[in-house]
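Residue 306 is where the sequence shown ends in the working numbering, and the numbering goes up by one at each step.
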Amino acid sequence: MSKILKAGVAGAGVFGGHHARKYAQSEGVELVGVYDRGTGRALALAEQIGARGFEADEWDAFIDGLDVLTVAAPAVAHAQLAVRALERGVHVYVEKPLAASVQEAEAIRAAAQEAGRVLACGHQERIVFGEMGLLTTPERPIRLEAVRKGPWTGRSDDVSVVLDLMIHDLDLALALAGSEPSAVTSKSETIHGPRPDHTRAEITFAGGMTAVFEASRAAEARERTMRVVYPSGEVNIDFLARTFENTTPFALNAGFADTVRGKDPLGASVGDFLAAVRGEASRPAVTGEEAARALALALAVDDAAA
1 MSKILKAGVA
11 GAGVFGGHHA
21 RKYAQSEGVE
31 LVGVYDRGTG
41 RALALAEQIG
51 ARGFEADEWD
61 AFIDGLDVLT
71 VAAPAVAHAQ
81 LAVRALERGV
91 HVYVEKPLAA
101 SVQEAEAIRA
111 AAQEAGRVLA
121 CGHQERIVFG
131 EMGLLTTPER
141 PIRLEAVRKG
151 PWTGRSDDVS
161 VVLDLMIHDL
171 DLALALAGSE
181 PSAVTSKSET
191 IHGPRPDHTR
201 AEITFAGGMT
211 AVFEASRAAE
221 ARERTMRVVY
231 PSGEVNIDFL
241 ARTFENTTPF
251 ALNAGFADTV
261 RGKDPLGASV
271 GDFLAAVRGE
281 ASRPAVTGEE
291 AARALALALA
301 VDDAAA
């Protein structure tokens, strides 16, 4: 019988709660505890899910004995928490973005390589694309248009809208293009502050694909759409309705939203991470290297608008 993996979550916000519940529901996993530097947050979440809460000065007690850890704290804390855990021999799943800078992302990757531990990152839209069949098409796209908007919530204001929302679509574009970006232009607007809340970007990839992205967290209504144009046709996706229209000859999965993985992309992503930790899979859904590429492109978009 497989070893019971002892899991922890660092960060007791909304996403920390999601990850804690996924671990608690996972077979062969014991959710040991939740850590948060904010007074009372870890204790409150831990009480909800039947685990132990650890606060600011209890890191060593929290990390001791863990096999796997999700880092779901603010992005500026990702590198410190992830590196400290990896140095203790813990496998780490980091919610997106991987870090707040390219240098911090490389420090996390280096720590994972040095420790020989699995490093995963939470870009769950990859799961959705995989279920659609868009990651294995016989053609590369020639154009991509992505819109990701929503009303202001006050969450994730420690990073720009690019690192908060657009990075999902940037990660998908990198996966579809199969080449590196060769030109980036962008324009941003700060509405609620202190960081940009609306950004439009245009990116050209070395393989020939051009892409236009728009992301806003100050819109009147939610919108999550993507148009992917191929030489033989196009795919128009509505992520909120969980539907797509396909004029290509590709045999895509119209029932993707009803698959186990399509219904619960986060659960699938966590499951892939655990499978990689157990040696049942060669890699998690999104590796540290892939997450670092998405982060670098997101930061390039922010820099181009500065």
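Each residue gets a CB set at the ideal place from its N, CA and C atoms; glycine is no exception.
Among Q103, L98, E106, W59, whose alpha-carbon lies nearest the alpha-carbon of R84? Measuring from the Cα of R84, the nearest candidate turns out to be W59.
Between E131 and P196, what straight-line distance do the alpha-carbon atoms span, to the nearest angstrom? Cα-Cα distance, rounded: 32 Å.
CB contact flag (A173, A201, <8 Å): For A173 and A201, no; Cβs fall outside 8 Å.
Assuming R126 contacts A292 (C-beta within less than 8 Å), just tell me the rounded distance between them. Between R126 and A292 the beta-carbon gap is near 15 Å, outside 8 Å, which marks them as no contact.
Please check the pair E145 and M226, which I expect to be a contact at CB under 8 Å, by giving their CB distance rounded to whole angstroms. 7 Å between Cβ atoms; contact.
Which residue from L295, V14, E245, V9 puts its Cα closest to that of V159? Ranking the options by Cα distance to V159, first place goes to L295.
Close-in-space but distant-in-sequence residues of the same chain around R278 (CB under 7 Å, 5 per side omitted): Taken in chain order, the residues that qualify are S2.
Just reading off the alpha helix (DSSP H) that L295 is part of, what are its end residues? 288-305 is the extent of the alpha helix (DSSP H) around L295.
Could you pull the start and end residues of the beta strand (DSSP E) that R200 belongs to? In the DSSP annotation of this structure, the continuous segment of the beta strand (DSSP E) that includes R200 starts and ends at 198-205.
Cutting at 8 Å between CB atoms, please list the residues of its own chain near A360, excluding the five before and the five after it. Outside the modelled stretch of the chain, which goes from 1 to 306, sits residue 360, for which no answer is possible.
For the ligand ATP, I want to know if V90 counts as a neighbour, meaning its beta carbon is within less than 7 Å of at least one of the ligand's heavy atoms. For the ligand ATP, the structure offers nothing, since it holds no ligand at all.
Quick one, are the C-beta atoms of V118 and H91 less than 8 Å apart? It is a contact, given that the beta carbons lie within the stated cut-off.
Can you tell me which of the three DSSP states H91 falls into? Strand.
So what does DSSP say about I108, is it helix, strand or coil? Three-state result, I108: helix.
Which residue from Y35, A51, L43 puts its Cα closest to that of L81? Per the Cα distances, Y35.
Which residue marks the beginning of the beta strand (DSSP E) containing G53, and which one marks its end? It spans 52-54 - the beta strand (DSSP E) in which G53 sits, taken as one unbroken run.
Can you look up D36 in the DSSP assignment and give me helix, strand or coil? Note: D36 maps to coil in three-state DSSP.
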